[in-house]
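For reference, the structure is listed below as structure tokens.
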Amino acid sequence: MSGHWEVVIGLEVHTQLATKSKIFSGASTAYGADPNTQACLIDLGYPGVLPVLNAEVVRMAAKFGLAVNARIAPRSVFARKNYFYPDLPKGYQISQYELPIVESGELFIRDDEGNEKRIGITRAHLEEDAGKSVHAGFGKSSGIDLNRAGTPLLEIVSEPDLRSAKEAVAYMRKIHSIVRYLEISDGNMQEGSFRCDANVSVRPRGQKELGTRAELKNLNSFRFVEKAINYEIERQIELIEDGGEVVQETRLYDSDKDETRSMRSKEEANDYRYFPDPDLLPVEIDDEFVEAVRKTLPELPDAKQVRFVSQYELKAADAEILTISRALADYYEAVAGSTSAVAQVAANWVIGDLSALLNKENVDIQKSRISATKLAGLLDRIADSTISGKIAKEVFEAMWSGEGSADEIIEAKGLKQITDTGAIESIVDAVIEANPGQAAEFRAGKEKLLGFFVGQVMKETGGKANPGQVNQILKTKLK
Amino acid sequence: MGEGDQAIHQRTLAGLAKGLAAGEFSSRELTEALLERIAKHQATLNAFITVTADQALDQADRADQARASGNGGPLNGLPIVHKDLFCTRGVLTTCGSRILDNFVSPYDAAVVERLAAAGAIMLGKTNMDEFAMGSSNETSFFGPVANPWDTKLSPGGSSGGSAAAVAARIVPAATGTDTGGSIRQPAALTGTTGIKPTYGRVSRFGMVAFASSLDQAGVITRSAEDAAMLLGVMAGHDVRDSTSVDHPVPDYVAGLGKSVKGLRIGIVRQHFDEGLDSQCAASVKDALKSLEDAGAELVDVDLPNIGLSVPTYYVVAPAECSSNLSRFDGVRFGHRAEKPEDLLDLYSRSRGEGFGAEVKRRVMTGTYVLSAGYYDAYYLKAQKVRQLISQDFRNAFENVDVIAGPTAPTTAFAIGEKTDDPITMYLNDIYTIGANLAGLPGISVPCGLADGLPVGLQMVGPHFAEEALLACAYQYQQLTDWHQRAPGGFL
């Protein structure tokens with residue numbers, strides 16, 4: 186939003202950690218099981234049971250903290266957040282409150298003008314997820330599925346540094362990219378493994394103090410984040426310009442109607458009565474642990490991007506796209522490393538044709554039906570002029586359909602490029618002879634017609650003639 | 313009187329172990345005899361909520377078989393009972409509350425598991441103050457328990473059923489839990505021996521929580537020796553309880569022989585000030601004199617902040633209980649209101665009907681002290697005072713090995729006497745609460761009779777000093793016979 190109003194956004198991103206078992210029990214976290222089949226007595230909050238911290242979540246949180254240049258707290262404390270709800274079996278959620286495990290981090294995004302911008306990360310804390318209430322299909326009652334209860338979450342809270350919905354999405358994408366690089370979350374948004382709440386406010390440009398904020402809950406796609414925030418910005422500005430006041434409240438985004446609506450106001454808000462959970466000891470982390478975790482950090486997207494630009498001489502924008510996911514970057518490097526083609530050409534293919542096909546077929550890069558080696562094989566044939574770029578697309582599609590390697594397909598379909606100058610010359614002669622009118626017009630200066638002749642030659646050769654040679658021979662013969 | 317002359321129910325755990333080993337009687341005979349005794353006195357004492365006769369007899373037969381084949385754990389065939397807040401698989405576990413009056417636990421508490429694995433036989437589950445909140449066993453949904461020394465009187469609480477059953481020679485031993493004195497105070501009021509171990513010594517897994525940072529499981533027995541036998545089995549690290557401590561468990565029985573000679577016993581002068589019944593004071597002083605005569609040294613110690621322990625406790629414990637009891641909401645187990653109109657109605661009526669007045673009072677108090685705007689003034693301040701009290705004890709233990717004094721300010725009081733006055737009731741735990749706040753072990757042993765009613769001597773030690781406390785109690789019990797006195801109607 187430009188003009189008179191400045192938008193201020195902070196995000197709370199909830200990332201499900203990819204542990205095998207829950208944060209405080211041994212029950213499985215696998216998605217999609219029958220209701221209540223992955224909830225043990227601890228998840229069910231039975232009398233007498235006690236939580237035991239899954240050590241893996243501590244390691245994962247520390248890994249995230251190091252990746253965003255944050256401080257890993259030597260001592261963090263689990264607290265109880267008390268409220269009643271049927272999908273919260275104990276009547277409290279175990280979370281971290283005053284002493285989170287990760288504090289004061291940062292990451293970098295591109296702002297709306299394309300400049301690098303630092304976004305502060307206030308904190309990241311560990312907590313357990315609640316279960317799920319199912320309201321349809323139970324008459325006047327609701328069903329409760331506690332499979333998700335106790336699933337480990339890392340809640341990552343940003344500073345209110347974001348100034349537009351686009352920046353918010355860029356930030357969220359960056360977090361998404363980092364947690365997947367670190368392999369601490371699958372980032373699956375459909376399954377709810379990655380979602381966020383957005384705190385949105387507006388203020389007159391130049392004003393120091395923040396405007397009253399609304400919290401938009403449970404946004405589970407990048408698109409919804411952008412739309413919900415934009416809707417909310419418009420709503421707040423309109424409200425204020427009409428002489429109204431923004432109320433501090435929690436709002437829900439309805440993606441069907443593309444609007445946000447009030448869920449509860451500050452007055453109705455719960456008093457969560459946080460206090461340290463006496464069933465759990467403080468989490469104590471020493472330098473040795475932190476250093477051990479640091480050693481497990483992979484190359485992160487920003488560093489990889491810089492390296493791609495220098496090592497492969499890629500365009501910065503392409504390097505950015507290729508490094509969004511570790512799998513895509515690895516795929517690209519495998520292609521670039523085993524083809525004689527120019528690295529930028531390899532990038533064009535991976536970002537262009539391959540990504541388009543993967544998107545269309547909704548397939549992950551890891552499951553691509555064209556392996557990196559096979560794609561490299563195709564690029565080699567373009568590089569050594571065995572086939573043209575155009576024919577290459579045909580070969581590429583045949584490869585996707587499982588018809589074999591580039592060489593096998595070129596051979597089987599007879600797609601090898603005609604590079605024999607004599608052969609091309611005789612076809613060119615025949616084409617000129619068959620089109621005397623056009624030849625005369627060309628010679629009279631209508632150079633546009635070159636394309637017509639190229640097309641005719643290609644038609645005659647089934648597209649196999651080397652386009653460079655065709656061009657050159659045509660130009661000579663039509664002089 | 314030799315053990316052979318004693319009726320089977322009069323014997324201590326150690327005595328029964330000898331009888332079983334010598335083939336004087338089988339576990340089945342023993343179990344049958346005690347089950348009969350439970351039935352005989354249930355109407356008078358109301359010490360039990362559940363009796364698990366069939367299960368007990370099965371266990372007894374298995375114990376007899378194990379003994380015959382030369383197997384069996386250290387407690388093989390010995391009967392015990394559990395306070396009804398230890399979860400017992402397939403058996404009702406009520407916590408003395410209507411809200412759990414239909415709750416059959418699907419699993420065993422760590423304490424239950426360990427004792428069963430050692431061969432102990434469970435005869436039943438004992439009555440208690442609702443969720444262990446009370447000092448008189450009057451808050452139980454299942455009615456008050458009578459004190460065998462005078463059935464018009466309370467046995468104390470919250471482990472009142474356990475204490476009454478042991479005092480009445482119905483069972484030799486019972487488990488209990490102690491959050492502010494719930495083992496030691498009823499032990500004192502019924503002439504039994506009760507030990508509350510160091511916080512973290514015994515796993516809390518499967519023990520329904522009242523106040524998690526204070527709760528600790530222990531036992532009520534008729535001698536320090538019996539307590540040592542049981543504690544050795546119950547104690548030890550449990551990965552299922554993050555607050556249980558991985559600290560070696562000594563052989564408590566082997567340690568009983570240690571003389572009190574040279575033992576430095578701290579006396580807290582404040583504990584003999586006003587509030588303590590003069591006859592109780594006299595008995596406790598006599599007990600200290602006997603220990604001194606046996607070679608112990610009595611040393612004055614100061615616990616400057618101990619006077620704040622009752623108010624501190626009544627902030628911390630309700631705060632934790634208000635959160636711990638939230639899971640009793642009528643949704644997954646326990647009492648559920650009939651035909652709820654909506655969710656709020658389901659919650660309010662299930663809890664309103666399920667909880668008794670004292671539990672509600674503490675849930676309300678706890679909710680209040682944790683509320684925004686009051687947290688700092690109450691909860692946080694109480695935690696700070698708790699630290700001061702712990703520090704007082706640490707300072708004191710630099711000069712002394714144990715601290716001794718009265719367990720309770722008076723002998724047993726009448727049922728109904730204090731029910732209208734919660735503050736007076738709370739003051740019953742004035743001497744015991746400090747050990748809970750500081751996480752220290754404490755033991756109460758019978759040390760006299762005042763107008764025919766038992767008086768308790770409490771000893772508190774530093775963390776993990778159970779061995780010293782048990783040894784000191786055992787040595788005292790070699791010098792005196794107060795622990796052998798049985799209430800008249802229950803010989």
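So the protein lines, in turn, are chains A and B. At position 62 of the first sequence (counting the first as 1) the number is 247 in our numbering, and the numbers step up by one without a gap. At position 364 of the second sequence (counting the first as 1) the number is 676 in our numbering, and the numbers step up by one without a gap. Cβ atoms here follow ideal geometry from the backbone N, Cα and C, with glycine treated the same way. If you're wondering where the values come from, they're calculated on a predicted model, not measured in any experiment.
Supposed close pair residue i, residue j - CB separation, criterion 8 Å
i, j, result
"B/A430", "B/V565", "In fact, because the Cβ distance is near 13 Å, the residues do not count as touching under 8 Å."
"B/S745", "B/G468", "Checking the sequence shown, residue 745 of chain B turns out to be Ile, not Ser. Contact doesn't hold; Cβ gap of about 14 Å is too wide."
"B/G642", "B/S621", "Contact flag wrong, Cβ pair sits at about 35 Å."
"B/K464", "B/F360", "Contact doesn't hold; Cβ gap of about 20 Å is too wide."
"B/V572", "B/R513", "Contact flag wrong, Cβ pair sits at about 22 Å."
"A/F684", "A/A315", "Residue 684 of chain A lies beyond the stretch modelled for chain A, which goes from 186 to 664, so this question has no answer here."
"B/S409", "B/G666", "7 Å"
"A/T214", "A/T222", "Actually they do not touch by this definition, with Cβ atoms about 12 Å apart."
"B/V461", "B/G518", "The question names Val, yet the displayed sequence has Trp at residue 461 of chain B. Rounded, the Cβ-Cβ distance is 32 Å, inconsistent with contact."
"A/E400", "A/T445", "Actually they are not in contact, since the Cβ atoms of A/E400 and A/T445 sit about 10 Å apart, beyond 8 Å."
"A/L311", "A/H199", "At roughly 11 Å, the Cβ-Cβ gap does not stay under 8 Å, so A/L311 and A/H199 are not in contact."
DSSP bridge partner residues for residue i (one or two, in chain order)
i, result
"A/H199", "A/E340, A/R380"
"A/S190", "Note that residue 190 of chain A is Trp in the sequence shown, not Ser. Paired residue(s): A/P389."
"B/V403", "Partner(s): none; B/V403 has no beta bridge."
"A/G305", "A/E291"
"A/D439", "A/E444"
"A/S450", "A/E434"
"A/S213", "A/S206"
"A/A501", "Answer is none; A/A501 lacks a bridge partner."
"B/V772", "B/I715, B/G754"
"A/G328", "A/V319"
"A/R265", "A/I279, A/F460"
Beta carbon proximity, residue i to chain C, threshold 8 Å
i, result
"B/T555", "Included in the structure are the protein chains A and B, with no chain C among them."
Jot down the residue ranges of each uninterrupted alpha helix (DSSP H) in the segment 704-764 of chain B, minimum 4 residues, whole runs only, in chain order. 734-738, 745-750
To be precise: take each residue of the segment 458-485 of chain A, compare its Cβ to all Cβ atoms of chain B, and keep it if any distance is under 7 Å. Which residues remain? R458, F460, P463, D464, L465, L466
Quick one: complete beta strand (DSSP E) runs, 3+ long, within the segment 272-301 of chain A? 277-281, 287-295
Residues of the segment 247-275 of chain A with a CB closer than 7 Å to any CB of chain B: list them in chain order, please. R265, N267, F269, P271, P274, K275
When the Cβ atoms of the segment 468-475 of chain B are set against those of the segment 419-433 of chain B, are three or more pairs found closer than 8 Å? no
Tell me which residues of the segment 683-699 of chain B have at least one Cβ-Cβ distance to chain A shorter than 7 Å, keeping chain order. S683, A684, Y691
Length at least 3, wholly inside the segment 425-487 of chain B: the beta strand (DSSP E) runs in chain order: 433-438
Can you check the segment 563-621 of chain B for any beta strand (DSSP E) of at least 3 residues that lies completely inside it and give the ranges in chain order? 576-580, 609-613
May I have a chain-ordered list of the alpha helix (DSSP H) segments no shorter than 4 residues that lie completely inside the segment 539-604 of chain A? 540-546, 557-568, 574-585, 591-598
When the Cβ atoms of the segment 247-258 of chain A are set against those of the segment 267-276 of chain A, are three or more pairs found closer than 8 Å? no
Runs of alpha helix (DSSP H) lying entirely within the segment 613-689 of chain B, each at least 4 residues, in chain order: 621-636, 655-666, 669-682
Three-pair Cβ contact test at 8 Å for the segment 449-461 of chain B versus the segment 331-350 of chain B: no
Mind the definition here: the segment 598-607 of chain B touches the segment 718-730 of chain B only if three or more C-beta pairs lie below 8 Å; say whether that holds. no
With a cut-off of 8 Å, do at least 3 Cβ pairs link the segment 544-563 of chain B to the segment 492-499 of chain B? no
Please list the residues of the segment 220-241 of chain A that have a C-beta atom closer than 8 Å to any C-beta atom in chain B, keeping them in chain order. L226, L229, G230, Y231, P232, G233, V234, L235, P236, V237, L238
Could you run through the segment 290-319 of chain A and flag, in chain order, every residue whose CB is less than 7 Å away from some CB of chain B? none
Every unbroken beta strand (DSSP E) inside the segment 337-414 of chain B [3 residues or more]: 360-363, 391-395
According to a CB-to-CB cut-off of less than 7 Å, which residues of the segment 614-639 of chain B neighbour chain A? A631, E632, S635, S638, R639
In chain order, what residues of the segment 409-424 of chain B put their CB closer than 9 Å to some CB of chain A? L412, F415, S417, P418, Y419, A421
Any chance the segment 325-335 of chain A sits against the segment 294-304 of chain A, with 3 or more Cβ pairs inside 8 Å? no
So, do the segment 648-668 of chain B and the segment 705-712 of chain B have three or more beta carbon pairs nearer to each other than 8 Å? no
Beta strand (DSSP E) runs wholly inside the segment 474-550 of chain B, at least 3 long, in chain order: 485-489, 505-508, 529-533
Any residues in the segment 391-404 of chain B with a beta carbon nearer than 9 Å to a beta carbon of chain A? Which ones, in chain order? L397, F398, C399
Which of the residues in the segment 650-663 of chain B, read from start to end, lie with their CB under 8 Å from any CB of chain A? L655, Y659
Quick test of the definition: if touching needs 3 or more C-beta pairs under 8 Å, does the segment 609-629 of chain B touch the segment 736-750 of chain B? yes
Scan the segment 588-612 of chain A for residues whose Cβ lies nearer than 7 Å to a Cβ of chain B and list them as they occur along the chain. none
Sequence ranges, alpha helix (DSSP H) only - wholly within the segment 462-510 of chain A, length at least 4: 472-479, 486-497, 501-507
Please determine if the segment 370-381 of chain A and the segment 420-437 of chain A are in contact, where contact requires at least 3 C-beta pairs separated by less than 8 Å. no
Listed from N- to C-terminal order along the chain, which residues in the segment 464-495 of chain B have their beta-carbon within a distance smaller than 8 Å of any beta-carbon of chain A? none
So does the segment 683-703 of chain B actually touch the segment 753-765 of chain B, counting three or more Cβ pairs closer than 8 Å? no
Relative to chain A, which residues along the segment 537-562 of chain B have a C-beta separation below 7 Å, given in chain order? V551, R552, D553, S554, T555
Could you name the residues of the segment 409-433 of chain A whose beta carbon sits closer than 7 Å to any beta carbon of chain B, in the order they occur along the chain? none
Tell me whether the segment 544-551 of chain A and the segment 500-509 of chain A touch, counting them as touching only if at least three CB pairs, one residue from each stretch, are closer than 8 Å. no
Counting only Cβ-Cβ distances shorter than 9 Å, please list the residues of the segment 506-529 of chain A near chain B, keeping chain order. none
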